[in-house]
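> Here's a structure for you.
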Amino acid sequence: MAIKTRKIGIMGAGNVGPHVALLLAAQGAADEIVFYDIKQEKAAAEAMDIRDAVSYFPHHVDVYDGSMEDMKDADILINASGRTRKPNQTRLDMLDESVAVCKDLVPRIAASGFNGIIISISNPCDIIAAYLQNRLSWPAQKIIGSGTALDSARLQMQLSEQLHISRRSLTAYLLGEHGDSSMIPWSHVTAAGKPVLELVRENPGVYQMDPPDVILEKVHRGGYIENAGKGCTEFGVASSTCEIVRAILHNEHKILPCSVKLENLYGVRSDFASVPVRLGACGVEDVLEIHLTDTEHESFMNSMRVLHEHFEKALTL
0 MAIKTRKIGI MGAGNVGPHV ALLLAAQGAA DEIVFYDIKQ EKAAAEAMDI
50 RDAVSYFPHH VDVYDGSMED MKDADILINA SGRTRKPNQT RLDMLDESVA
100 VCKDLVPRIA ASGFNGIIIS ISNPCDIIAA YLQNRLSWPA QKIIGSGTAL
150 DSARLQMQLS EQLHISRRSL TAYLLGEHGD SSMIPWSHVT AAGKPVLELV
200 RENPGVYQMD PPDVILEKVH RGGYIENAGK GCTEFGVASS TCEIVRAILH
250 NEHKILPCSV KLENLYGVRS DFASVPVRLG ACGVEDVLEI HLTDTEHESF
300 MNSMRVLHEH FEKALTL
């Protein structure tokens, strides 16, 4: 009996796609990685460069460029298509261009015969994931946006540095849009199960941190600062994407904040947004509905209104 290999297809060989591939190869999370890009020479060069690196990795990985048809039997297809953000450009500002790219990709995906799980990281992340699910008419659990997995890492970094608590001891998520309207459900931000706001209030001589609104602003500005300084963000989003990929390939049943379709959850009828979800071999195994305070729920619904408005616009483009 042939041993099944773990195959990943990556659409887009720009800044993020190759970093995702390199991390997956370095971690030994995939056995086969295939690139597809309209700039075939770029896809071929990125694949060749990673193949060179694989010589010094502990795991053998086949990395090559190909067509959409070569991705037919992939387990996961990662949508990293489109360009990077310009300085001070919001993710939502990229809607028209990203939808135009997806309008070309959707029939190619459908024609390829691919029937696995799609992880979409192209911005605006939530809208593009929703657009792909709508146009492909696939089961919602098979299309996932990387969403606030990256934002949540930025939040954990802020809290860890300010509170002097290891990130691994913190539970901290952002919900809603992967963008400027995302919110922090502070009632669920904890260290060893204790709300961090309570920790700071009870032990001001030991634990200090910025006010919650300042921390949220720092998290929101993180991507802008990186983009202004180096012209893109790539390592963080690649790492968070690999975390999602591993949770699926290894059937970890891991809970991560990802953008998924909310159907009659959180007061939302049918829209994509980031919330904690359980991931496994079938994609989204469960969408967790955590209790939000009235203030938190209002902030979450403000984010949902932004997302709904732009998704409706995407369908008209």
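Quick note on numbering that gives the first Met the number 0: the sequence shown kicks off at 0 and runs consecutively.
Note that beta-carbon positions come from the ideal geometry of N, C-alpha and C, so glycine has one too.
Predicted model, so just to flag it, every value in this text is computed and none were measured.
Is the Cβ-Cβ distance between Ser145 and Ile164 less than 9 Å?
The sequence position of residue 145 within the sequence shown is 146, counting from 1. The sequence position of residue 164 within the sequence shown is 165, counting from 1. No, the Cβ-Cβ distance between Ser145 and Ile164 is not below 9 Å.
> Quick one: grab the DSSP three-state call for Gly115.
Within the sequence shown, numbered from 1, the residue matching residue 115 stands at position 116. Coil.
> What three-state label does DSSP hand Val33 in the structure shown?
Against the sequence shown, residue 33 aligns to sequence position 34. The answer is strand: DSSP assigns Val33 an E or B state.
> Would you mind working out which of Gly230, Asp36, Ser159, Gln88 sits nearest Tyr206, comparing C-alpha positions?
Residue mapping note: residue 206 aligns to position 207 of the sequence shown, counting from 1. Among Gly230, Asp36, Ser159, Gln88, the Cα nearest to that of Tyr206 is on Ser159.
> Do Val259 and Val276 have their beta-carbon atoms positioned less than 9 Å apart in this structure?
As a first step, residue 276 is located in the sequence shown; it is residue number 277 there, counting from the start. As a first step, residue 259 is located in the sequence shown; it is residue number 260 there, counting from the start. In contact: Val276 and Val259 (Cβ atoms closer than 9 Å).
> Below 8 Å, how does it come out for the segment 85–93 and the segment 17–30: are there three or more Cβ pairs, yes or no?
No, the segment 85–93 is not in contact with the segment 17–30.
> Alpha helix (DSSP H) containing Val305: first to last residue?
The residue given as residue 305 occupies position 306 in the sequence shown. Counting along the chain, the alpha helix (DSSP H) containing Val305 begins and ends at 293–313.
> Could you name the residues that DSSP lists as bridge partners for Ser238?
Position 239 of the sequence shown holds residue 238. Its beta-bridge partners do not exist; DSSP assigns none.
> Mapping DSSP to helix, strand and coil, what is Glu284?
Counting from one through the sequence shown, the residue named residue 284 turns up at place 285. Strand, per DSSP.
> Using three-state DSSP, classify Asp61 as helix, strand or coil.
In the sequence shown, the residue the question calls residue 61 occupies position 62. Asp61 falls in the strand class under three-state DSSP.
> Are the CB atoms of Lys38 and Ala12 nearer to each other than 9 Å?
Position 39 of the sequence shown, counted from the first residue, corresponds to residue 38. Position 13 of the sequence shown, counted from the first residue, corresponds to residue 12. Taking 9 Å as the Cβ cut-off, Lys38 and Ala12 qualify as a contacting pair.
> Measuring alpha carbon to alpha carbon, tell me which of Met10, Thr189, Val60, Ile2 ends up nearest Gln26.
Within the sequence shown, numbered from 1, the residue matching residue 26 stands at position 27. Nearest of Met10, Thr189, Val60, Ile2 to Gln26, Cα basis: Val60.
> Could you tell me which residues DSSP puts in a beta bridge with Cys257?
Translated into the one-based positions of the sequence shown, residue 257 becomes position 258. Its beta-bridge partners are Val274.
> Please name the residue, chosen from Ile224, Val244, Thr292, Ile108, that lies closest to Arg5 on a Cα-to-Cα basis.
Mapped onto the sequence shown, residue 5 falls at position 6. Among Ile224, Val244, Thr292, Ile108, the Cα nearest to that of Arg5 is on Val244.
> My output table needs one value for Pro184: the three-state DSSP class, helix, strand or coil.
Working through the sequence shown from its first residue, we reach residue 184 at position 185. Three-state result, Pro184: coil.
> Enumerate, from N- to C-terminal direction, the unbroken alpha helix (DSSP H) stretches of 4 or more residues contained entirely within the segment 114–196.
Correct list: 124–135, 148–162.
> Could you give the DSSP three-state label for Ile108: helix, strand or coil?
Mapped onto the sequence shown, residue 108 falls at position 109. Reduced to three states, the DSSP call for Ile108 is helix.
> In terms of DSSP beta bridges, what is Lys6 paired with?
Residue numbering aside, residue 6 sits at position 7 when the sequence shown is read from its first letter. DSSP lists Glu31 as partners of Lys6.
> Between the C-alpha atoms of Leu149 and Ser239, what's the straight-line distance to the nearest angstrom?
For the purposes of this step, residue 149 is identified with residue 150 of the sequence shown, where counting begins at 1. For the purposes of this step, residue 239 is identified with residue 240 of the sequence shown, where counting begins at 1. Straight-line Cα distance between these residues: approximately 6 Å.
> What is the C-beta distance between Ile116 and Leu131, in whole angstroms, given that I count them as a contact (C-beta under 8 Å)?
Translated into positions along the sequence shown, residue 116 becomes position 117. Translated into positions along the sequence shown, residue 131 becomes position 132. The Cβ separation is near 12 Å, so there is no contact.
> How should Asn301 be labelled, buried or exposed, when 16 other C-beta atoms within 10 angstroms of its C-beta is the threshold for buried?
Within the sequence shown, residue 301 is the residue found at index 302, counting from 1. The residue in question, Asn301, is exposed, as its Cβ has fewer than 16 Cβ neighbours within 10 Å.
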